[in-house]
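Q: With the first letter of the sequence shown counted as 1, position 199 gets the number 775 in our numbering; the numbers rise by one all the way through.
We put the CB at the ideal spot given by N, CA and C, even for glycine.
Model, not experiment: these values are computed from the prediction.
Got a structure for you, questions after.
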Amino acid sequence: MNKLFRNLFIIILIIIFVVAFSSSYLSLSMDNLAYVLAIGIDKSPDSNSDLQVSFQFSTTSQASEAGSTEKSPTVINSVTASSLSTAINLMNSYMGKELNMSHCKVIIFSEQLAEEGISDEIYTLINNTQVRPSSNIIISKCTAKTYIEQTSPELENLISKYYEIFNNSGKYTGFMPDATIGTFFNNIICTTCEPVAILGGLAKEQPSNNMAHENFNITANESSIEGQNGSENIGMAVFKGDEIVGELSSLETIAYLTMHNKVDRFLISIPDPEVTGHYLDIYLTPTGSTKVKIDTSTSSPYIKVKTKFTGRIYSMSENSNYLKPEILDAISNTCNQYLESVFSAYLYKTSKEFKSDINGFGKTAQSNFFTTNEYNAYNWHDSFKNSFFDVKVDTSVKSGMLITQTEDS
């Protein structure tokens, strides 16, 4: 019995020592790491062949800031190098700590660099096991370094938290996609689709006020927002392979998200069919999934798109007749015509101007062929630019909920 207690005592001591020293080792390991929150990649201003890579670091632990009401400080350091891997290695030496990418939320590329192709950087990041596939990709209309420096969220103390949640607004505004490095990489090597990224820029010091009834058809750098956050994210960057070929506005981004069934609701303004010069704000919610049919019997694909929405009138004027069924039918028809025009223009822009199938229609077209060889022979990436589109929208608009309930009661 005494021997049993002695052995048990020894085992307990061993466990205590293991836990104590492993905790110290973990603490020591964390002290030797520099946690990267964001990476900005630009062309070097001094060399056409080099990169300028900016790293944003957190100077305090997440735990120590969890209950703080003060802004969490960050450090931004830049290095010029021949490649991203070399830049990371040089920064390791400068910081005296090993860079850890596991908390990196966003990767920003300058538009200038994206025009020349970013596949080398994408492959390098994807090959790094610490970089999360869920990290968002932003294409900045200013330099990536300036974008990081100007980003200062007003409602978040931890900028890492802002980087993690900012793109959620796309679900209820439709103004930006959820564009991650994992999806971007998959679409670069995809034979049936093309990649996209979030479009970023700087908020203007003197915003424009001439946006009445333009449906906020804008991109980053063009909004009328005034605030402390110096950066903004509105619209999309469109790629053909790893090179940017154009950008889409907020309204065109709504069309993109509708095609992908990735928007929960969005607001648009349409001409009031009853009052000339007056516009109505309509909040629309998709009903079911967007339906796509593709005819590939000729070298010019014929693509039919059908989508349905329910809507609520959000702008009301005194003595309005928006409760009458015939008026609501007229508003619904106006919505249909407006959205069909917007969606058609978007589809022809991506196919004719950008020649980029960011909608992934190639995946649907692929089902028309019996073998992969037949699909490859059709050469979808080149044939897509010859596409014709037939867009049908079915919208059912109702009056504002509170007013409708009052009327019914």
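Name the two residues that bound the continuous alpha helix (DSSP H) containing M677.
A: What you label residue 677 is simply residue 101 of the sequence shown in a count that begins at 1. Taken as a continuous stretch (DSSP letters only), M677 belongs to no alpha helix (DSSP H), as it is neither H nor E.
Q: Nearest-angstrom Cα distance between I844 and I830?
A: Taking the first residue of the sequence shown as position 1, residue 844 is located at position 268. Taking the first residue of the sequence shown as position 1, residue 830 is located at position 254. Approximately 10 Å between the Cα atoms of the pair.
Q: K867 and V881 - do their beta-carbons sit closer together than 9 Å?
A: Counting from 1 along the sequence shown, the entry for residue 881 is found at position 305. Counting from 1 along the sequence shown, the entry for residue 867 is found at position 291. Taking 9 Å as the Cβ cut-off, V881 and K867 qualify as a contacting pair.
Q: Count the other CB atoms within 10 Å of the CB of Q628; is the residue buried (16 or more) or exposed (fewer)?
A: By 1-based counting over the sequence shown, the position of residue 628 is 52. Q628 comes out buried.
Q: Here's a check: name, in chain order, each residue in its chain whose Cβ is nearer than 7 Å to the Cβ of T863, leaving out the five neighbours to either side.
A: Residue 863 sits at position 287 when you count from the first residue of the sequence shown. Contacts found: K884, F885 and T886.
Q: Could you please give the first and the last residue of the uninterrupted alpha helix (DSSP H) stretch that includes N909?
A: Your numbering for residue 909 matches position 333 in the sequence shown. P901 to Y924 is the span of the alpha helix (DSSP H), which, as asked, contains N909.
Q: How is V616 classed by DSSP in three states: helix, strand or coil?
A: Taking the sequence shown and counting its residues from 1, the one referred to as residue 616 is at position 40. The sequence given here has Gly at residue 616, not Val. Three-state DSSP puts G616 in a strand.
Q: Measuring alpha carbon to alpha carbon, tell me which of L666, V651 and P649 ends up nearest A657.
A: Residue numbering aside, residue 657 sits at position 81 when the sequence shown is read from its first letter. Nearest option by C-alpha distance: L666.
Q: Reducing DSSP to helix, strand and coil, say where M752 ends up.
A: Position 176 of the sequence shown, counted from the start, is the residue given in the question as residue 752. It is coil, neither helix nor strand.
Q: Between which residues of its own chain and E823 is the CB-CB distance below 7 Å, once the five residues before and five after are set aside?
A: Within the sequence shown, numbered from 1, the residue matching residue 823 stands at position 247. Counting only Cβ-Cβ distances below 7 Å, and skipping sequence neighbours, we find L775, T795, G811, M812, A813 and V814.
Q: Can you tell me the Cα-Cα spacing of N676 and C766, whole angstroms?
A: Mapped onto the sequence shown, residue 676 falls at position 100. Mapped onto the sequence shown, residue 766 falls at position 190. The straight-line gap from Cα to Cα measures roughly 29 Å.
Q: So what does DSSP say about K961, is it helix, strand or coil?
A: In the sequence shown, the residue the question calls residue 961 occupies position 385. Helix.
Q: Let's see if you can read the secondary structure: which residues bound the beta strand (DSSP E) around K880?
A: Sequence index remark: in the sequence shown, residue 880 carries index 304 (1-based). Per DSSP, K880 belongs to the beta strand (DSSP E) from Y878 to I889.
Q: Just curious, the alpha helix (DSSP H) that K867 is in, first and last residue?
A: As a working mapping, residue 867 is identified with position 291 in the sequence shown. No alpha helix (DSSP H) holds K867; the beta strand (DSSP E) holding it covers K867 to D871.
Q: For N608 versus F631, is the C-beta spacing smaller than 9 Å?
A: Translated into positions along the sequence shown, residue 608 becomes position 32. Translated into positions along the sequence shown, residue 631 becomes position 55. Their beta carbons are not under 9 Å apart, which means N608 does not touch F631 by this criterion.
Q: Among the candidates Y890, Y739 and I903, whose CA atom is the shortest distance from the CA of I858?
A: Counting from one through the sequence shown, the residue named residue 858 turns up at place 282. For I858, the nearest C-alpha among the options comes from Y890.
Q: Residue ranges of each alpha helix (DSSP H) run of no fewer than 4 residues wholly in the stretch 655-717, ordered along the chain?
A: Counting whole runs of 4 or more residues, the stretch 655-717 contains the alpha helix (DSSP H) stretches 660-671, 687-690 and 695-702.
Q: For S908, I'd like the list of residues in its chain whose CB is within less than 7 Å of its CB, leaving aside the five on either flank, ordered along the chain.
A: Locating residue 908 in the sequence shown gives position 332, where the first residue counts as 1. Correct list, in chain order: T971, S972 and V973.
Q: Hey, E819 and I694: beta-carbon distance below 9 Å or not?
A: In the sequence shown, the residue the question calls residue 819 occupies position 243. In the sequence shown, the residue the question calls residue 694 occupies position 118. Yes, Cβ-Cβ distance for E819 and I694 is below 9 Å.
Q: Could you name the residues that DSSP lists as bridge partners for K974?
A: Position 398 of the sequence shown, counting from 1, holds the residue named residue 974. DSSP output for K974 lists R888 as bridge partner(s).
Q: Is the beta carbon of N797 less than 9 Å from the beta carbon of C718?
A: Here residue 797 refers to the residue found at position 221 of the sequence shown. Here residue 718 refers to the residue found at position 142 of the sequence shown. Contact flag set, yes.
Q: Using three-state DSSP, classify Q804 as helix, strand or coil.
A: Locating residue 804 in the sequence shown gives position 228, where the first residue counts as 1. Looking at Q804 - three-state DSSP - the assignment turns out to be coil, as it is neither helix nor strand.
Q: CA-CA distance, S745 and F751?
A: Against the sequence shown, residue 745 aligns to sequence position 169. Against the sequence shown, residue 751 aligns to sequence position 175. Going by the C-alpha atoms only, they are around 8 Å apart.
Q: Buried or exposed: where does G803 fall if 16 or more other Cβ atoms within 10 Å of its Cβ makes it buried?
A: Taking the first residue of the sequence shown as 1, we reach residue 803 at position 227. Flag for G803 reads exposed.
Q: With H, G and I counted as helix, E and B as strand and the rest as coil, what does DSSP make of Q638?
A: Residue numbering aside, residue 638 sits at position 62 when the sequence shown is read from its first letter. Low local confidence applies: a pLDDT of 46 at Q638 is under 50, so the model's placement there is unreliable, with the coordinate-based value given in what follows. Residue state, collapsed to three classes: helix.
Q: Leaving out five residues on either side along the sequence, give the residues of the same chain with a beta carbon under 7 Å from the beta carbon of A720.
A: Position 144 of the sequence shown, counting from 1, holds the residue named residue 720. G616, I617, D618, S630, I684, F685 and S686, listed in sequence order.
Q: Provide the residue span of the beta strand (DSSP E) that contains S845, from first to last.
A: Looking up residue 845 in the sequence shown gives position 269. Start and end: F842 to P847.
Q: DSSP three-state call for N653: helix, strand or coil?
A: Against the sequence shown, residue 653 aligns to sequence position 77. Three-state result, N653: strand.
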